[in-house]
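Under the numbering used here, the first residue of the sequence shown is numbered 195, with each subsequent residue one higher.
Here's the structure we're looking at; comments come further down.
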Amino acid sequence: VQLQAYGGGLVQTGGSLRLSCTASVTIAILNEMGWYRQVPGKQRELVASTSSGGNIAYADSVKGRFTLSRENAINTVYLQMNNLKPEDTAVYYCRAVRTLFTCTTYWGQGTQVTVSS
């Protein structure tokens, strides 16, 4: 499974960005798909994730501001980020999990999101 992420950039506080992650396989076979982020010196943390059943989980810090959605027909998940804050600055990574006989995690390349104050 390959994941291609798009959409990072530089934005001012209060602005919006939309990240896209396209998988090389139909996302219906993936048990989980979502976004994580990482800043230097810290662990990668969950931003938002959706299960194959449609449940969506958000980090408390982004609830009400970020929205995760999926477009199965083009194997893509989106992260709409509104009201961005400087503390949202990070490298954002797309992640997918497939559980068949074993559980395998796939990561896309990171995309930088920078929010200026």
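Where is the CB? At the ideal position from N, CA and C, for every residue including glycine.
Small disclaimer: the values here were computed from a predicted structure and weren't measured.
With a threshold of 16 other CB atoms inside 10 Å of the CB of residue i, please say whether the residue is buried or exposed.
i      : result
Leu278 : buried
Val241 : buried
Arg289 : buried
Residue j and residue i - do their beta-carbons sit closer together than 9 Å?
i      : j      : result
Ser246 : Leu224 : yes
Asn266 : Ala222 : yes
Leu273 : Thr261 : yes
Arg264 : Thr244 : yes
Gly228 : Val271 : yes
Name the DSSP bridge partner or partners of residue i?
i      : result
Glu226 : Ser245 and Val291
Val285 : Gln232 and Gln306
Ala253 : Beta-bridge pairing links Ala253 to no other residue.
Gly203 : Val307
Arg238 : None; Arg238 has no bridge partner.
Establish whether the CB of residue i and some CB of chain C are separated by less than 9 Å.
i      : result
Thr305 : Chain labels in this structure do not include chain C; a single protein chain is all it has.
**Report entry** Cβ contact (3+ pairs, closer than 8 Å) linking the region 198-206 and the region 293-308
**Finding:** yes
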